[in-house]
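Enquirer:
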Amino acid sequence: MRVLPSLLVMALWAGPPMAAQQHPDVAAARQAYQSLDYRLAIAAARRALAQPRLSAEDRATAYELLAFTYGALDSTTQAVDAFRELIFIDPDREPDPRAISPRITALYANALGQVLVVRRIEADTVSFVAGQGEIPIMFDVTRRPARVTARAVGNGFDAVIATDTVVDRGHITWTATDQLGAPVPAGRYRILIEAAVGPDQYTSQVVLDLQHGTVDTLPHVSSLEGYTLQNEYEQPGRNWKPLGLAALYTALASGASLALENTNLANPPRREIGGVSLAVLVTGFVMSLQRPDSVPVPANILYNQLFRERLADENAEIAAQNARRRRQVMLTIVPVNEPQ
Amino acid sequence: MRGFALSLLVLSVAPATLCAQKLRLRLEAIGITYQEVREGRDGFGGGGGVGAELRLGRFHVVASAYNAHVEPDDTTATEFDVRQVDLRIGYALTPFFSLEAGGGRRYIEPDLAAQEVGLFRAGVFSENQLNRLASVWVRGAYLLGPQFSGGGSADLAFEFGLGVGIGTANGRIRFHAEYEFQRIDRRVGNDEVPLQVSLARTGIAVGF
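Laid out in C-alpha cells, this is it:
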C-alpha cells in the first residue's frame, strides 16, 4: 500500500538538483531515496544533519529529502516537521507542483501554515531623484495577520522605514532618504523585514546596493516645435515712386520760383534751377530703376519678438530647472543576491 | 568781414566737438545769378562754399557759407564778391515735414558794389527719402525784416530751395545738388529796388 505513493512520487519528481560540492551523507541520502531505500535515505539525511558544519544548502537539501522520504512513507508528522525546518532555512524553496505529488505539496502547504516566515521578497533595480521616488519591495508572510516592521540598515544608517499589518502579500517602499530628506550615503544596505504574530517572530532581508549619480540636465532649446522665425523684411516690387517724388518736389520748387520771379528784373537765365531740377529728376529716375529697399514687415517682427521672448522664457525655465537638477542626486538601487 | 570770418571759424571748430553726433560736413561749388534793379548789377558768377549739418533727434541745424565772384553783365561795372553765411534750425513735426527758422548775412566786396543784406527767416522744410541712398528736399521761408547796407525795407521777401542728395547707405559719403532762389522786394522811399538771387550748389558731404 505504501509502495504505490512512493513510486508515484518517484515518477513525478526527479529530486533536487545535484549541488556541485554536496556533502557525502546528503549525496548518499539522495542516492538511497532515488533507489527507494527510504530507511537508508532517512539514516543518511539524519547523519548529515548531525554535522555541525553542514552548509545551509546541504542542510536544506537534507531536510527536503527527509520530508519527501517521510511523505513517501506516509509519516505525515515527520514530513511536516522536516518541511518546517526546510522553510526556516530557505523559505523560498518549495516543491514544484508540476513535478511533485499533490500529497507532498499538501504536506508542504501544511508545514507552511504552521510557521511564520517572510518569503518571496521582490525588489527591482530602480533609479530616481532623491526625494522624488522610492524603491518598492514586496514579500509574502505565511501567517496572517502579521505585524511587519521594516528597517534599513547600513553605512551608519539605521531607521525604521515601514510598519504595517500584512495579510499574505506585503508591500513597503524605501525612499533612501534620511529624516531631513537628504539622500542616505551610497553603499550597501540591508532591508530587514520582521514579521510578528503573537510571540512568533521572523526576520528576513533583502540586500540593496545604493549608488549616487548626477541628474541629467536639460539642453537649451533653440527652436520651438511648430514655430519658425519669419522674414522680418520683404522685397517689394519695383515701382516709380522715387521718380514721382522727385518730379513732385521739382515741380513744387521750380514752379514756385518761376512763378514768383520778380518781373521788374531782367529775365534770369534759370540755369541754376534747370541744372538742379535735371539732377533731381535723373536721380529719381535712376533710383526707380534700382530694386527697392527691403521694407520691414511689422507683423513678422512682432511675431519673431514674441517667439524670441518665448524662447528666452523657455531657456530661463530650463536654466532654473538645471540649477535645481545640479543640486539633486540620482539614486540607483540594485538588489543584490546575498545568502541570508 | 569780421562776421563772415567769425562764421567760418564757428563752422570749422564745431565739428571737432560735435562729431560724436550725426554730423555731416559739406564742401561745394557755387553757381550764382545775382540781380538788382539796376541792370549794371545783374551778374553771374561762381565760387565755393562749406557747410555743416547736424541732426539731433527731431532737430536739425544747417550752417553754410559761400564765397562767389560775380561778373556783371555790364562790362564797365565793378566785379564784386558775394559772401554769405546762413544758419537754419529745424524741428521735425513729421518724418517728412519740419519747421525752420534762422538767419543769414550777405557781404559784398568791395563795399557798395551791391547791397549787403542781413535777414531772419521762418519757413518749412520737407525731405523725402527716395530709397536708402537718395533723398530730395524742398524748403521755403519768409524772410523777416531784412536790413540793407544801403537802407530801405522790404515788404515782401521769401526764398525757395530744391535739393537732391545721393550717397552711400551708411551716410558716410554723399553728393548733393541744391538750388536756392531768393527774392527781396526792397523799397527805398517810393523807389522799388528789388534783389533776386538764384544759387546752385553742388558738392560732397562726409558724414560722421
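In order, the protein sequences belong to chains R and S.
In terms of the numbering used here, the first sequence opens at residue -7 and continues consecutively.
In terms of the numbering used here, the second sequence opens at residue 228 and continues consecutively.
Each residue gets a CB set at the ideal place from its N, CA and C atoms; glycine is no exception.
From the DSSP output, in three-state form, read off residue 208(R) for me.
Expert: Taking the first sequence and counting its residues from 1, one reaches residue 208(R) at position 216. Residue state, collapsed to three classes: coil.
Enquirer: At a CB distance below 8 Å, what residues from the region 238 to 261 of chain R approach chain S? Give them in sequence order.
Expert: 238, 241, 242, 244, 245, 246, 248, 249, 252, 253, 254, 256, 257, 258, 260 and 261
Enquirer: Under the assumption that residue 133(R) contacts residue 103(R) (Cβ atoms under 8 Å), give the Cβ distance between them as a whole number of angstroms.
Expert: Here residue 133(R) refers to the residue found at position 141 of the first sequence. Here residue 103(R) refers to the residue found at position 111 of the first sequence. Actually they do not touch by this definition, with Cβ atoms about 15 Å apart.
Enquirer: Within 10 angstroms of its Cβ, does residue 328(R) collect 16 or more other Cβ (buried), or is it exposed?
Expert: Walking along the first sequence from the start, residue 328(R) turns up at place 336. Exposed, by the Cβ-count rule.
Enquirer: List the endpoints of the continuous beta strand (DSSP E) containing residue 92(R).
Expert: Your numbering for residue 92(R) matches position 100 in the first sequence. No beta strand (DSSP E) contains residue 92(R), which DSSP labels as neither H nor E.
Enquirer: Quick check: what's the CA-CA separation for residue 249(R) versus residue 424(S)?
Expert: Counting from 1 along the first sequence, the entry for residue 249(R) is found at position 257. Counting from 1 along the second sequence, the entry for residue 424(S) is found at position 197. One C-alpha to the other measures close to 11 Å.
Enquirer: Can you list the beta strand (DSSP E) stretches of 3 or more residues lying completely in the region 268 to 336 of chain S, in chain order?
Expert: 270 to 283, 286 to 299, 307 to 321 and 324 to 336
Enquirer: Please report the distance separating the alpha-carbon of residue 76(R) from that of residue 209(R).
Expert: Taking the first residue of the first sequence as position 1, residue 76(R) is located at position 84. Taking the first residue of the first sequence as position 1, residue 209(R) is located at position 217. Each residue's Cα considered, the two are about 53 Å apart.
Enquirer: In chain A, which residues lie less than 8 Å from residue 303(S) when you measure between Cβ atoms?
Expert: Among the chains of the structure shown, chain A does not appear; the protein chains present are R and S.
Enquirer: Please list, in chain order, all residues of the same chain as residue 149(R) whose beta carbon is under 8 Å from its beta carbon, the five residues on each side excluded.
Expert: As a working mapping, residue 149(R) is identified with position 157 in the first sequence. Cβ within range, chain order: 170, 176, 177 and 181.
Enquirer: For residue 365(S) and residue 305(R), what's the separation of their Cα atoms in angstroms?
Expert: Numbered from its first residue, the second sequence carries residue 365(S) at position 138. Numbered from its first residue, the first sequence carries residue 305(R) at position 313. Whole-angstrom Cα-Cα distance: 49 Å.
Enquirer: Near residue 394(S), what residues of its chain come up, given a Cβ to Cβ distance below 7 Å and the 5 sequence neighbours on each side ignored?
Expert: For this step, residue 394(S) is matched to residue 167 along the second sequence. Result list for residue 394(S): 360, 400, 401 and 402, in chain order.
Enquirer: Counting beta carbon pairs with one atom in the region 374 to 383 of chain S and one in the region 285 to 294 of chain R, are three or more of them shorter than 8 Å?
Expert: With the cut-off at 8 Å, the region 285 to 294 of chain R and the region 374 to 383 of chain S do not touch.
Enquirer: In this structure, how does DSSP classify residue 146(R) when only helix, strand and coil are distinguished?
Expert: Working through the first sequence from its first residue, we reach residue 146(R) at position 154. For residue 146(R), the three-state secondary structure derived from DSSP is strand.
Enquirer: Can you tell me the Cα-Cα spacing of residue 128(R) and residue 82(R), whole angstroms?
Expert: On the first sequence, residue 128(R) is found 136 positions in, with the first residue counted as 1. On the first sequence, residue 82(R) is found 90 positions in, with the first residue counted as 1. Distance between the alpha carbons of residue 128(R) and residue 82(R): 23 Å.
Enquirer: By a C-beta neighbour count over all protein chains shown, 10 Å radius and 16 as the cutoff for buried, is residue 183(R) buried or exposed?
Expert: Here the question's residue 183(R) lines up with position 191 in the first sequence. Looking at its Cβ environment, which holds 16 or more other Cβ atoms inside 10 Å, residue 183(R) is buried.
Enquirer: By the criterion of Cβ-Cβ separation under 9 Å, what are the contact partners of residue 331(S) in chain R?
Expert: Along the second sequence, read from residue 1 onward, the residue named residue 331(S) stands at position 104. Correct list: empty, because the minimum Cβ distance to chain R is about 17 Å.
Enquirer: Would you call the region 296 to 316 of chain R and the region 225 to 241 of chain R touching, i.e. three or more CB-CB distances under 8 Å?
Expert: no
Enquirer: Which class does residue 66(R) belong to by DSSP, given the choice of helix, strand or coil?
Expert: Taking the first sequence and counting its residues from 1, one reaches residue 66(R) at position 74. Note: residue 66(R) maps to coil in three-state DSSP.
Enquirer: Going by beta carbon distance, what residues of the same chain come within less than 6 Å of residue 117(R), once the five residues before and after it are set aside?
Expert: Counting from one through the first sequence, the residue named residue 117(R) turns up at place 125. Excluding residues within five positions, the ones whose Cβ falls inside 6 Å are 326.
Enquirer: Can you tell which of 261(S), 405(S) and 429(S) has the C-alpha that lies nearest to the C-alpha of residue 246(R)?
Expert: What you label residue 246(R) is simply residue 254 of the first sequence in a count that begins at 1. Across the set 261(S), 405(S) and 429(S), the C-alpha of 405(S) shows the shortest separation from the C-alpha of residue 246(R).
Enquirer: State the Cα-Cα distance for the pair residue 427(S) and residue 251(R), rounded to the nearest angstrom.
Expert: Translated into the one-based positions of the second sequence, residue 427(S) becomes position 200. Translated into the one-based positions of the first sequence, residue 251(R) becomes position 259. Cα-Cα distance, rounded: 18 Å.
Enquirer: Anything in the region 276 to 297 of chain R with a Cβ closer than 7 Å to a Cβ of chain S? List those residues in chain order, please.
Expert: 276, 279, 282, 284 and 285
Enquirer: Taking its Cβ as the centre, do 16 or more other Cβ atoms sit within 10 Å of residue 293(S), making it buried, or is it exposed?
Expert: If you number the second sequence from 1, residue 293(S) lands on position 66. When all chains shown are included, residue 293(S) counts as buried.
Enquirer: Would a C-beta distance cut-off of 8 Å place residue 430(S) and residue 254(S) closer than the cut-off?
Expert: Working through the second sequence from its first residue, we reach residue 430(S) at position 203. Working through the second sequence from its first residue, we reach residue 254(S) at position 27. Yes, these two residues count as a Cβ contact at 8 Å.
Enquirer: Roughly how many angstroms separate the alpha carbons of residue 324(R) and residue 17(R), rounded to a whole number?
Expert: Walking along the first sequence from the start, residue 324(R) turns up at place 332. Walking along the first sequence from the start, residue 17(R) turns up at place 25. Answer to the nearest angstrom: the Cα atoms are 44 Å apart.
Enquirer: Does the pairing of the region 211 to 230 of chain R with the region 137 to 149 of chain R give three or more beta-carbon distances under 8 Å?
Expert: Using a C-beta cut-off of 8 Å, the region 211 to 230 of chain R makes no contact with the region 137 to 149 of chain R, since fewer than three inter-stretch Cβ pairs fall below that distance.
Enquirer: What separation, rounded to the nearest whole angstrom, lies between the Cα atoms of residue 119(R) and residue 157(R)?
Expert: The residue given as residue 119(R) occupies position 127 in the first sequence. The residue given as residue 157(R) occupies position 165 in the first sequence. Distance between the alpha carbons of residue 119(R) and residue 157(R) is about 28 Å.
Enquirer: If I measure Cβ to Cβ from residue 84(R) and keep anything under 7 Å in the same chain, skipping five residues before and after, which residues do I get?
Expert: Walking along the first sequence from the start, residue 84(R) turns up at place 92. Take residue 84(R), set aside five residues on each side of it, and the residues of its chain with a beta-carbon closer than 7 Å to its own are 111 and 112, in chain order.
Enquirer: Tell me which same chain residues have a C-beta within less than 6 Å of the C-beta of residue 61(R), skipping the five on either side of it?
Expert: Taking the first residue of the first sequence as position 1, residue 61(R) is located at position 69. 25, 30, 33 and 34.
Enquirer: Quick one: what's got a C-beta closer than 6 Å to residue 236(S)'s C-beta in the same chain, skipping five residues either side?
Expert: Residue mapping note: residue 236(S) aligns to position 9 of the second sequence, counting from 1. Per-residue confidence for residue 236(S) stands at a pLDDT of 44, beneath the threshold of 50, marking its modelled position as unreliable; no derived number is given.
Enquirer: For residue 27(R) and residue 21(R), what's the separation of their Cα atoms in angstroms?
Expert: Taking the first sequence and counting its residues from 1, one reaches residue 27(R) at position 35. Taking the first sequence and counting its residues from 1, one reaches residue 21(R) at position 29. Approximately 10 Å between the Cα atoms of the pair.
Enquirer: Check distances from the C-beta atoms of the region 254 to 265 of chain S to those of chain R and list, in chain order, the residues that come in under 9 Å.
Expert: 258, 259, 260, 262, 263 and 264
Enquirer: For a contact defined as C-beta to C-beta under 8 Å, what are the partners of residue 423(S) on chain R?
Expert: Here residue 423(S) refers to the residue found at position 196 of the second sequence. Residues of chain R passing the Cβ test: 253, 254, 257 and 260.
Enquirer: Of the residues that make up the region 260 to 274 of chain R, which ones have a beta carbon closer than 8 Å to any beta carbon in chain S?
Expert: 260, 261, 262, 263, 264, 265, 267, 268, 269, 271 and 272
Enquirer: Considering Cα atoms alone, identify which of 273(S), 387(S), 280(S) and 251(S) is closest to residue 306(S).
Expert: The residue you call residue 306(S) lines up with position 79 of the second sequence. It is 273(S) whose Cα lies nearest to the Cα of residue 306(S).
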